[in-house]
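Residue numbers (full-length UniProt numbering): 1 to 448.
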């Protein structure tokens with residue numbers, strides 16, 4: 001990104017504000033973002049004897065004999081639950097279940113359009129993690145998987161770990177695993193651009209919430225040396241002296257034990273000195289990360305500032321301060337590191353093989369395939385990973401995930417790579433073409 005004039009900066013700031021303005025106009029116009037439509041043929045009213053009583057009793061009896069047949073006789077195999085308690089929504093915090101629903105509906109929309117996955121948004125009126133876990137267990141017979149969304153820490157860790165262990169369908173926390181997968185993909189390609197070895201780079205991480213802890217876990221599995229990471233929360237760097245974290249924040253305490261070999265004690269400014277990479281998922285900016293901190297980083301610094309809705313520092317300010325590669329979480333800036341590039345394809349692959357879980361290895365397989373798509377098209381400093389309109393991203397991710405699930409023995413269905421590609425491509429194509437057809441025919445009215 002070239003150095004910008006004040007007028008150009010003003011235009012970019014105005015552009016950054018426009019999505020919020022449009023959202024307030026279009027959400028009430030459409031009164032939501034998804035609806036339920038039939039997928040079976042209704043040739044005439046006699047068909048209801050097949051789809052409902054008396055014919056429906058026959059598949060009910062089959063499922064009673066073998067509950068796994070629910071994946072065959074119903075839409076369960078392609079339906080997931082987007083489940084939240086509204087306690088940590090985007091950068092807005094604990095705004096409650098009702099206020100979280102626009103985000104949950106948006107997630108359902110992305111699942112369908114990008115991954116061909118039917119998703120049902122559900123917001124729970126509880127902040128009790130045990131009640132949340134119990135509710136998910138009660139809902140399990142209706143869904144082929146769960147996408148946990150916008151749950152505050154530290155309970156989000158226990159909820160995810162418990163449900164992954166106790167449910168027999170994939171349970172995924174997008175703020176953890178989704179963010180980690182896409183960030184890892186971006187990091188892999190950014191390091192190719194600057195020519196640095198993943199095992200040798202020093203990584204500063206601003207924020208020690210669910211996203212960054214999951215990112216740390218995944219990038220360590222992907223080759224980053226744990227001791228080369230320095231993570232910071234609101235009280236400063238994580239190090240072995242932060243014993244107050246032992247009881248309430250066991251995940252943070254684990255990071256204290258395995259990261260920060262030099263035992264740096266201080267702030268994010270101290271952590272960033274000489275760092276090759278900054279990964280920030282903290283407080284929405286701008287102004288949270290200072291230009292002078294970026295100036296203190298190593299040559300050819302990589303800066304991921306992914307707070308929503310505003311990054312911790314504007315990308316052009318980071319470039320001007322010396323960063324070579326900058327990514328944000330926004331679609332209106334280059335290098336969007338956003339979960340939407342991961343979860344639709346990853347769930348598509350998990351559902352297509354009827355997987356029992358989504359492992360870290362499945363996430364890494366998806367991330368490497370995501371990175372490969374961009375590499376195939378030609379990496380640039382302003383093109384680290386594909387964008388949402390790159391059609392082939394999602395079926396390619398789905399294939400990578402499905403193959404890894406089969407390899408790890410967590411898939412109920414075995415398919416070849418070619419079969420997986422055909423299945424994923426067809427389901428995603430149908431979802432997109434259906435939406436376009438409904439717009440063309442007026443079933444979805446044009447936006448005002």
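Note that beta-carbon positions come from the ideal geometry of N, C-alpha and C, so glycine has one too.
Item, Value
"Closest Cα partner of residue 447 within the set 12, 24 and 16", "24"
"Pick from 309, 172 and 57 that is closest to residue 19, judged by C-alpha positions", "309"
"Backbone secondary structure at residue 360 - three-state DSSP", "helix"
"Short Cβ contact (8 Å threshold) for residue 307 with residue 184", "no"
"Terminal residues of the beta strand (DSSP E) in which residue 80 lies", "79–84"
"Validate contact between the stretch 369–389 and the stretch 171–191 using beta carbons, cut 8 Å, 3 pairs", "yes"
"Residue of 219, 385 and 230 minimising C-alpha distance to residue 208", "230"
"Buried versus exposed call for residue 172 [16 or more other C-beta atoms within 10 Å across all chains shown]", "buried"
"Proximity winner among 46, 35, 182 and 114, relative to residue 215 (alpha-carbon distances)", "182"
"Simplified DSSP assignment, three categories, for residue 255", "helix"
"Meets three-Cβ-pair contact criterion under 8 Å: the stretch 287–299 and the stretch 144–161", "no"
"Contact between the stretch 261–280 and the stretch 231–240 (3+ Cβ pairs under 8 Å)", "yes"
"3-residue-minimum beta strand (DSSP E) runs that sit fully inside the UniProt domain \"Malic enzyme N-terminal\" (31–164), ordered along the chain", "79–84, 118–123 and 145–148"
"For residue 384, the three-state DSSP class (helix, strand or coil)", "coil"
"Top-ranked residue by Cα proximity to residue 390, from 82, 342 and 347", "342"
"Coil, strand or helix - residue 16 by DSSP", "helix"
"Chain-order list of residues whose beta-carbon lies under 7 Å from that of residue 246 (same chain, five-residue window excluded)", "253"
"Under 8 Å between C-beta atoms of residue 152 and residue 84", "no"
"Host beta strand (DSSP E) of residue 438 (start-end)", "Looking at the DSSP string, residue 438 is not in any beta strand (DSSP E); the run it does join, the alpha helix (DSSP H), is 417–440."
"Per-residue burial, residue 45 [other beta carbons within 10 Å of its own, 16 or more giving buried]", "exposed"
"For residue 304, the residue or residues it bridges with in DSSP", "279 and 327"
"DSSP-derived helix/strand/coil call for residue 233", "strand"
"Residue 287 beta carbon less than 8 Å from that of residue 301", "no"
"Three-pair Cβ contact test at 8 Å for the stretch 357–364 versus the stretch 407–414", "yes"
"Buried or exposed (CB count within 10 angstroms, at least 16 for buried), residue 113", "buried"
"Sequence-distant residues of its chain with Cβ nearer than 6 Å to residue 111 (five each side left out)", "117, 119 and 344"
"Residues bridged to residue 408 [DSSP beta-bridge criterion]", "Answer by DSSP bridge pairing: none, since residue 408 is not bridged."
"Beta-carbon gap between residue 125 and residue 180 smaller than 8 Å", "no"
"Beta-carbon proximity list for residue 412, same chain, < 6 Å, skipping 5 on both sides", "354"
"Backbone secondary structure at residue 214 - three-state DSSP", "helix"
"Cβ neighbours of residue 417 in the same chain (closer than 8 Å, five flanking residues each side left out)", "399 and 403"
"Given residue 333 as reference, the closest of 10, 16 and 5 once Cα atoms are compared", "16"
"Coil, strand or helix - residue 451 by DSSP", "Because the chain spans 1 through 448 in this model, residue 451 falls outside it and cannot be assessed."
"Close beta carbons around residue 63, own chain, < 7 Å, minus the five adjacent residues each side", "69, 70 and 73"
"Residue 199 burial status per 10 Å Cβ neighbour count (16 or more: buried)", "exposed"
"For residue 219, the nearest candidate out of 235, 201, 234 and 233 (CA to CA)", "201"
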